[in-house]
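Report on the structure given below.
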Amino acid sequence: MLQSVKASQLSVYDDSFAVGMAQLGLDRCNGYVTAVSGGPDSTALAFLVGRYAAAVGKPHHAVIINHQLRNDAGAEARRVQARLLRYQISADIIPITARRPASGVQEWARINRHNLLLSAARQRQSALLFAHHAGDQAETVAMRLLKGSGLAGLAGIPACRIQHDVTIGRPVLDWTSAQLVTICRLLDCDFETDPSNENAVFERVRTRRFLANIDQQTVSGGVSSQHLRRLGDAAARLMMTVEAAAEHIYAGAVGWHEAGYATTTMAALADLPRPIWRLVMRRLVMAIGGAAYGPSSSALDRLYDRCKDGLSATIGGCHFSPVKPAKTDQLARSDQPVRPDHPVTEYRLFRETGRNRLELSIKAGEEVVFAGCWLIQSEQAGVVKALADSNVLAGSDRCFTGERLPLSWRSMPYRARQAIPVLTTLDGSLIYPQLGRVGRTQSSAVTSARFLGLARRPMFLAGALIG
Numbered sequence: 000m001l002q003s004v005k006a007s008q009l010s011v012y013d014d015s016f017a018v019g020m021a022q023l024g025l026d027r028c029n030g031y032v033t034a035v036s037g038g039p040d041s042t043a044l045a046f047l048v049g050r051y052a053a054a055v056g057k058p059h060h061a062v063i064i065n066h067q068l069r070n071d072a073g074a075e076a077r078r079v080q081a082r083l084l085r086y087q088i089s090a091d092i093i094p095i096t097a098r099r100p101a102s103g104v105q106e107w108a109r110i111n112r113h114n115l116l117l118s119a120a121r122q123r124q125s126a127l128l129f130a131h132h133a134g135d136q137a138e139t140v141a142m143r144l145l146k147g148s149g150l151a152g153l154a155g156i157p158a159c160r161i162q163h164d165v166t167i168g169r170p171v172l173d174w175t176s177a178q179l180v181t182i183c184r185l186l187d188c189d190f191e192t193d194p195s196n197e198n199a200v201f202e203r204v205r206t207r208r209f210l211a212n213i214d215q216q217t218v219s220g221g222v223s224s225q226h227l228r229r230l231g232d233a234a235a236r237l238m239m240t241v242e243a244a245a246e247h248i249y250a251g252a253v254g255w256h257e258a259g260y261a262t263t264t265m266a267a268l269a270d271l272p273r274p275i276w277r278l279v280m281r282r283l284v285m286a287i288g289g290a291a292y293g294p295s296s297s298a299l300d301r302l303y304d305r306c307k308d309g310l311s312a313t314i315g316g317c318h319f320s321p322v323k324p325a326k327t328d329q330l331a332r333s334d335q336p337v338r339p340d341h342p343v344t345e346y347r348l349f350r351e352t353g354r355n356r357l358e359l360s361i362k363a364g365e366e367v368v369f370a371g372c373w374l375i376q377s378e379q380a381g382v383v384k385a386l387a388d389s390n391v392l393a394g395s396d397r398c399f400t401g402e403r404l405p406l407s408w409r410s411m412p413y414r415a416r417q418a419i420p421v422l423t424t425l426d427g428s429l430i431y432p433q434l435g436r437v438g439r440t441q442s443s444a445v446t447s448a449r450f451l452g453l454a455r456r457p458m459f460l461a462g463a464l465i466g
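The sequence shown begins at 0 in numbering that gives the first Met the number 0 and counts up by one.
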């Protein structure tokens, strides 16, 4: 009798989960990778996704990231893996091998964890699913509200988005933590507890306690965490409308180039309200510069003034170069305003090089994201750098052996050529991945580089904002 009751309760949760997956458009994905920490939220999500995937005939895989920050981290990861396997959920443990910094360890761990999960999902051509729930959303909205965030910040955690060609979904964002714990209990499954969730040194923990306190004291008409979630939902819907309008603007005002840069017609943006102009430019800067977060409103306002005067500008790892009206095939390299009778109508946007040199190791057969905007795949191990940071004479149309490069290379704008990735193999050879299609690299090994900026533009799926 008890088992029958549990099965009936689980069936209700399964049905609700399937509806949520369809609403987010996640039902159309090829497969699913669930990020599992071992806590009740991610454990419950792994069960829900596993049951859903089995019902619809799609692959599901769990990934556990070992941050290696505690002595018992490895044992905990193996314990979580064994627990999932008992419920027929396959799971991989991936350790973070990057060198730990002297400070900012939490941010280091978060970024490395996210990148490893993205890579795992991309390799399996699957959506990446996280177990953020309604409580997490309320905390996020509250923290951003207290910091004076604008509309985009108040929209909170997106239910679905695309990053580096990977669909990222949060299908239990409307669920409560209690519901997820209940699922674990119904399946008689243990879970891990994280002591840091009670450590008041973290802002999120303090916010969680504050919200719990106001929820207990709230009377009719008072503010509660539920009201914060509604605020976040309203802000997200309004942002979705604004982003939809921005998407039409991109279509008419922005030209994207596979070489890693964009061209924008300023005249098409001139009459936009300033907040919409900021939104469009913030997205462009993130796409070209590769940053995870866009520049501040004040920085964008300074960009607006410089563009209005026809000046070049650097912002968020992105360089804005005005195109001279008299010679549209050359870039203006002067900070002097153009004559009023010849206003600048077009800008080219390039990823900035030279200030912060980047290099990224790649293993044979590995796939990495370089500078936040290039997807590199290589059969040879080596180090990826921007051309400007390699030992190639960037201003020349010849590689270091003297072999002439294809016209497609030489016809690139100077700044675009400076920013494209170059792979230095372990024996010192150079490979130009982005030229793979014309077959003119120094190695016969398959190596490719694809600009991801196009995939970082705002997209919409089943009414959910992605991007």
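The C-beta atom is built at its ideal place from N, Cα and C for all residues, glycine as well.
Residues that DSSP places opposite residue i in a beta bridge
i	result
L25	Answer by DSSP bridge pairing: none, since L25 is not bridged.
A244	According to DSSP, A244 bridges with nothing at all.
T423	V382, L429
Y260	H256
S320	R347
S377	T446
P94	N65
I314	C317
Q472	Residue 472 is absent from the model: the chain starts at 0 and stops at 466.
F369	W373
T33	A61, L128
Exposed unless 16 or more other CB atoms sit within 10 angstroms - verdict on residue i
i	result
G103	exposed
G49	buried
E138	buried
G309	buried
A54	exposed
V11	exposed
Q225	exposed
P272	exposed
L425	exposed
Y51	buried
Y292	exposed
R228	buried
R416	buried
K326	For K326, the predicted structure reports a pLDDT of 49, less than 50, and the residue's modelled location is therefore unreliable. The matter cannot be settled from this model.
Q350	Residue identity check: residue 350 is Arg in the sequence provided, not Gln. Looking at its Cβ environment, which holds 16 or more other Cβ atoms inside 10 Å, R350 is buried.
R414	buried
G364	exposed
A250	exposed
A448	buried
8 Å contact criterion, which residue i and residue j should meet: CB distance rounded
i	j	result
R109	H163	The pair is not a contact, with the Cβ atoms about 16 Å apart (cut-off 8 Å).
A252	T263	6 Å
F450	E257	6 Å
S125	N29	6 Å
Q136	G231	6 Å
R82	C188	7 Å
F319	L299	Going by Cβ atoms, the distance from F319 to L299 rounds to 11 Å, so no, they are not a contact pair.
L179	T33	The Cβ separation is near 13 Å, so there is no contact.
P100	N65	The pair is not a contact, with the Cβ atoms about 18 Å apart (cut-off 8 Å).
7 Å Cβ shell around residue i - same chain, five flanking residues per side excluded
i	result
R143	G152, L153
P294	R281, V284, I314, G315
K5	L185
F16	L47, Y51, P170
V165	L117, A120, R121, L127
Same chain, Cβ closer than 6 Å to residue i, neighbours up to 5 away in sequence not counted
i	result
G452	A286, I287, C372
A385	T352, A418
H131	I156, R169, L172
L302	A312, I314
G254	T262
C183	P39, T42, A43, F190
P467	Residue 467 lies beyond the stretch modelled for the chain, which goes from 0 to 466, so this question has no answer here.
G19	P170
S89	H60
Candidates the options, of which the one nearest residue i by Cα
i	options	result
R98	N111, Y31, S89	N111
A269	F319, A235, A290, T344	T344
V79	S296, P39, N70, N114	P39
G259	I430, A158, P412	P412
G427	D91, S410, S389	S389
T192	S36, P94, K146, R228	S36
A61	A158, A74, G73, Y86	Y86
T175	A141, V140, A133	A133
I92	P321, A233, A74, W107	A74
S360	K307, A21, P420, R208	P420
Chain C contact for residue i (CB, 9 Å cutoff)
i	result
R160	The structure shown has no chain C; it contains just one protein chain.
Residues near residue i in its chain [Cβ-Cβ closer than 8 Å; skip 5 each side]
i	result
T446	I375, Q376, S377, E378, Q379, L422, I430, P432, G435, T440
I248	A267, L268, L271, I275, V279
D334	Because D334 sits at a pLDDT of 48, beneath the cut-off of 50, its placement in the model cannot be relied upon, and the following sentence gives the value as read from the coordinates. Contacts found: L310, S311.
N114	V368
heavy atom of the ligand GTP below 8 Å from residue i C-beta
i	result
Y292	Because no ligand of any kind appears in the structure shown, any question about the ligand GTP cannot be addressed here.
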